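Chemist: Residue numbers (our numbering): 4 to 342. For glycine and all other residues, C-beta sits at the position ideal for the given N, C-alpha and C. The structure displayed is predicted, hence computed values, not measured ones.
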Amino acid sequence: MLHTEPQLESRLSEPTGEVIEAVSALEGDILILGVGGKMGPTLAKQAKRAIDAAGVSKKVIGVSRFSTPGVQAGLHAASVETITADLLAEDCLQNLPEIKNVILMAGRKFGSTGNESLTWAMNGYMPGRVAEKFRDSRLVVFSTGNVYPLTPVSHGGATESSPVNPIGEYAQSCLSRERICTHFSSQFGTPMAILRLNYAIDLRYGILLDIAEKVYTEETISLEMGTVNVIWQGDANAVALRAFAHAQSPPLILNVTGPETVSIRSLASCFGRLFNKSPRFEGEESRTALLSNAARCHQLFGYPRVSLGQMIEWVAEWVRIGGSTLRKPTRFEVRDGKF
């Protein structure tokens with residue numbers, strides 16, 4: 004079990020042998036834009052641990068505004084270099100070093116409703132400026148499964164060849180990121196991989212934590228978005244680091260999530276048994292949900308190391324012991340795209 008944040012961080016940042024091999028084979032250093040978010044710190048640490056394990060000489064450099072206290076110091080303690088910068092500021096962006104391998108994580112979701120212009124600037128305009136700046140690099144660009152419409156649960160989720168039809172301005176702005184990056188990839192021949200992620204699981208945030216906390220505190224759980232996909236954050240980060248080897252022009256697009264279509268009712272019932280509590284529900288499961296089929300990703304990289312059952316056990320124990328959380332609900336139940 005994981006009982007402390009250092010234990011959790013260590014597990015999230017543990018590289019696989021395949022990640023170590025992939026990082027070792029990369030030419031040049033790694034630059035992570037938006038490293039200060041929920042996933043960035045453990046991605047940077049995983050990259051650095053892989054470099055150290057491979058015995059090669061490469062830098063991992065993280066760029067962020069670093070508005071969350073302690074994140075920058077934690078990265079420095081892990082021998083990750085940092086640059087404080089606002090990526091929307093042109094001088095900050097242009098002053099970044101030329102690095103061969105770039106991961107773009109920076110973006111905006113929550114708070115989009117009421118400030119849509121900033122969301123479009125962060126999710127569309129800024130990635131275009133990044134793609135132009137790093138035209139001679141290899142880029143891994145984080146996107147979201149929200150670019151797909153709600154699909155019938157019985158269909159097993161959207162594939163990369165499914166039509167996109169994003170609901171709401173957040174999702175639309177994320178599709179603009181993909182389209183603009185694809186444009187610059189085609190214009191400059193920049194190798195890229197675009198990762199449509201949903202949903203990453205840490206013990207401090209994520210859908211499993213949202214459900215577990217509601218069961219534990221006996222709050223009502225909405226069933227309208229009755230099914231979801233999840234993946235351990237460490238496994239999602241491993242995909243990002245291995246994706247450099249598959250970057251191409253036009254970009255490779257990959258759905259990144261776990262193999263299961265996960266029932267919210269079933270999840271709550273699992274947590275109920277672990278907590279000896281009876282979940283409370285409202286509404287009924289809809290026939291459609293935001294679901295992705297990641298078979299192509301699993302074919303390239305194998306199945307995630309951390310299983311759904313393991314994640315459930317870890318999250319339940321974390322809630323039981325009162326482990327720290329980010330207090331950032333995923334709002335997975337939203338069906339109108341308004342975040």
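Suppose the cutoff is 7 Å on Cβ atoms and the five residues either side in sequence are ignored; what does the same chain contact list for glutamate 320 look like?
Modeler: Met4
Chemist: Please go through the same chain and pick out, in chain order, the residues whose beta-carbon is closer than 6 Å to the beta-carbon of arginine 141, but skip the five residues on each side of it.
Modeler: Only Asn104, Pro194, Phe247, Ala250 meet the Cβ criterion.
Chemist: Within the chosen definition, does the region 152 to 164 reach the region 280 to 299 through at least 3 CB pairs nearer than 8 Å?
Modeler: yes
Chemist: Anyone know if the C-beta pair for valine 66 and leucine 107 falls short of 7 Å?
Modeler: no
Chemist: What is the DSSP secondary structure of leucine 303, reduced to helix, strand or coil?
Modeler: Leucine 303 falls in the helix class under three-state DSSP.
Chemist: Anyone know if the C-beta pair for threonine 220 and serine 266 falls short of 7 Å?
Modeler: no
Chemist: Starting from methionine 195, trace the beta strand (DSSP E) in both directions and tell me its first and last residue.
Modeler: 195 to 200
Chemist: Grab the span of the beta strand (DSSP E) containing arginine 283 for me, first residue to last.
Modeler: 283 to 285
Chemist: From which residue to which residue does the alpha helix (DSSP H) around isoleucine 1 run?
Modeler: The structure shown does not extend to residue 1, since the chain is modelled only from 4 to 342, so the question has no answer here.
Chemist: Given a cut-off of 7 Å on the beta-carbon distance, is the pair alanine 297 and asparagine 258 in contact?
Modeler: Asparagine 258 is positioned such that its CB atom lies closer than 7 Å to that of alanine 297.
Chemist: Where does tyrosine 151 sit, in a helix, a strand or coil, going by DSSP?
Modeler: For tyrosine 151, the secondary structure class from DSSP, reduced to helix, strand or coil, is coil.
Chemist: For the pair the region 316 to 336 and the region 172 to 192, tell me if three or more CB-CB distances fall below 8 Å.
Modeler: no
Chemist: Which complete alpha helix (DSSP H) runs does the region 199 to 239 hold, if anything under 4 residues is left out?
Modeler: 210 to 219
Chemist: Do arginine 274 and valine 233 have their CB atoms nearer than 7 Å?
Modeler: Checking the sequence shown, residue 274 turns out to be phenylalanine, not arginine. Result no, Cβ atoms of phenylalanine 274 and valine 233 do not sit closer than 7 Å.
Chemist: Per DSSP, what kind of secondary structure is isoleucine 170 in: helix, strand or coil?
Modeler: Isoleucine 170 falls in the coil class under three-state DSSP.
Chemist: Quick check: glycine 175 and aspartate 205, are their CB atoms within less than 7 Å of each other?
Modeler: In the sequence on display, residue 175 carries glutamine and not glycine. No, these two residues do not count as a Cβ contact at 7 Å.
Chemist: Whole angstroms are fine: how far does the CA of glycine 110 sit from the CA of glycine 37?
Modeler: For the pair glycine 37 and glycine 110, the Cα-to-Cα distance works out to about 8 Å.
Chemist: If you follow the alpha helix (DSSP H) that leucine 15 is in, where does it begin and where does it stop?
Modeler: 8 to 15
Chemist: Between serine 225 and glutamate 285, how many whole angstroms is the CB-CB distance? I'm expecting something under 8 Å.
Modeler: 6 Å
Chemist: Measure the C-alpha to C-alpha separation of serine 16 and leucine 255 and round it to an integer number of angstroms.
Modeler: 25 Å
Chemist: Specify, as a first and last residue, the run of the beta strand (DSSP E) that glutamate 84 falls within.
Modeler: 84 to 87
Chemist: To the nearest angstrom, report how far apart phenylalanine 113 and arginine 207 are at their CA atoms.
Modeler: 17 Å
Chemist: Is it true that the CB of valine 318 sits closer than 7 Å to the CB of leucine 200?
Modeler: no
Chemist: If I follow the unbroken alpha helix (DSSP H) through valine 22, where does it start and stop?
Modeler: 20 to 28
Chemist: Exposed or buried, which one is arginine 52 when buried takes at least 16 other CB atoms within 10 Å?
Modeler: By the 10 Å Cβ count, arginine 52 comes out buried.
Chemist: Does DSSP put threonine 162 in a helix, in a strand, or in coil?
Modeler: Correct three-state label for threonine 162: coil.
Chemist: When you compare each of Arg245, Glu287, Thr116 to isoleucine 170 by their alpha carbons, which one comes out closest?
Modeler: Thr116
Chemist: Sort Ser281, Val26, Thr19 by Cα distance to tyrosine 306 and report the nearest one.
Modeler: Thr19
Chemist: In chain order, what residues of the same chain have a beta carbon less than 8 Å from the beta carbon of glutamine 49, not counting five sequence neighbours either side?
Modeler: Leu15, Ser16, Glu17, Pro18, Val22, Gly237, Asn240, Ala241, Leu244
Chemist: Checking the sheet assignment: what are the DSSP bridge partners for alanine 292?
Modeler: Paired residue(s): Thr154.
Chemist: Would you check if there are 3 or more beta carbon pairs closer than 8 Å linking the region 22 to 31 to the region 85 to 96?
Modeler: no
Chemist: Please confirm whether alanine 196 and valine 322 have their CB atoms less than 7 Å apart.
Modeler: no
Chemist: Starting from glycine 65, trace the beta strand (DSSP E) both ways and give me its first and last residue.
Modeler: Unbroken beta strand (DSSP E) run through glycine 65: 63 to 67.
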